[in-house]
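Residue numbers (this note's numbering): 255 to 489.
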């Protein structure tokens with residue numbers, strides 16, 4: 255067994271123990287990780303092994319490591335779970351059809367969310383959707399603000415089911431697709447088309463017509479992909 259293998263196993267032992275302490279609550283969200291020297295003494299390991307364990311814990315979203323600061327424990331959440339795979343997803347987006355595959359996943363989720371919103375949205379949800387669409391319409395001439403209000407409208411749909419996984423997924427989609435979206439020409443006529451699409455989705459939801467809401471969202475996302483694919487021929 256090589257020295258690297260031994261170090262790797264030692265780091266894995268530290269990672270497992272720290273994970274146990276986080277999940278049990280012995281190490282709470284915001285607590286600093288014990289100093290390197292303490293970990294070295296407790297586990298009988300080198301500074302190199304401690305730093306490897308910290309790197310692994312950071313990649314799993316269990317600690318936040320910053321230069322010249324003690325690593326801080328972060329309570330596991332769906333956001334941290336998504337963050338942990340972001341590097342892999344970013345790489346996969348460079349593969350052939352990578353962006354299209356991710357966009358198709360987004361479309362499947364959002365079409366379902368629009369349908370569900372027509373069925374279950376309460377008064378507060380409907381008020382949030384109306385406000386989001388109004389803000390979107392008011393921003394047509396300012397493409398930067400329009401983009402932000404566009405994302406805000408879609409975010410409300412992810413929040414309506416009260417499932418904590420869904421807002422984390424929306425946040426991830428925005429982050430993963432933003433490099434392509436930010437390079438697209440943002441023109442008022444495109445903004446108007448997207449606003450009309452948002453209005454059609456809202457109308458279907460307000461009418462409590464799941465079929466209409468689903469069809470409007472499907473048409474909106476098909477149009478969005480046409481815009482994206484015409485800008486980036488190699489997606």
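Glycine is no exception: its CB is placed at the ideal position from the N, C-alpha and C atoms.
Spanning the alpha carbons of residue 390 and residue 410 requires a straight line of approximately 13 Å. The bridge partners DSSP lists for residue 317 are 327.
With a cutoff of 8 Å on beta-carbon distance, residue 406 and residue 462 are scored as not near each other. Residue 469 is not a Cβ neighbour of residue 451, given a cutoff of 8 Å. Of 265, 466, 484, 422, the smallest CA-CA separation from residue 368 is found for 466. Contact between the segment 344-351 and the segment 378-395 is absent, with fewer than three C-beta pairs closer than 8 Å.
For residue 294, the uninterrupted alpha helix (DSSP H) run begins and ends at 290-297, by DSSP. Nearest neighbour of residue 360 by Cα position, chosen from 352, 315, 386, 427, turns out to be 427. If you look at residue 454, you'll find it in the alpha helix (DSSP H) that goes 442-460. Residue 459 is classed as buried because its beta carbon has at least 16 other beta carbons within 10 Å across all chains shown. Closest option to residue 290, judged by alpha-carbon separation, among 274, 273, 281, 308: 308.
According to the DSSP assignment, residue 392 belongs to the alpha helix (DSSP H) that extends over 377-392. The three-state secondary structure of residue 464, taken from DSSP, is helix.
Contact check for residue 332 against residue 429 fails: the beta carbons are separated by 8 Å or more. Between residue 327 and residue 265, the C-beta gap is not smaller than 8 Å, which leaves the two residues out of contact. Residue state for residue 286 is assigned as strand, using DSSP reduced to three classes. For residue 300, there is no enclosing alpha helix (DSSP H), as DSSP marks it with neither H nor E. Inside the segment 395-427, DSSP marks whole alpha helix (DSSP H) runs of 4 or more residues at positions 397-413, from first to last along the chain. In this structure, residue 353 and residue 481 do not form a Cβ contact; the two beta carbons are roughly 13 Å apart against a cut-off of 8 Å.
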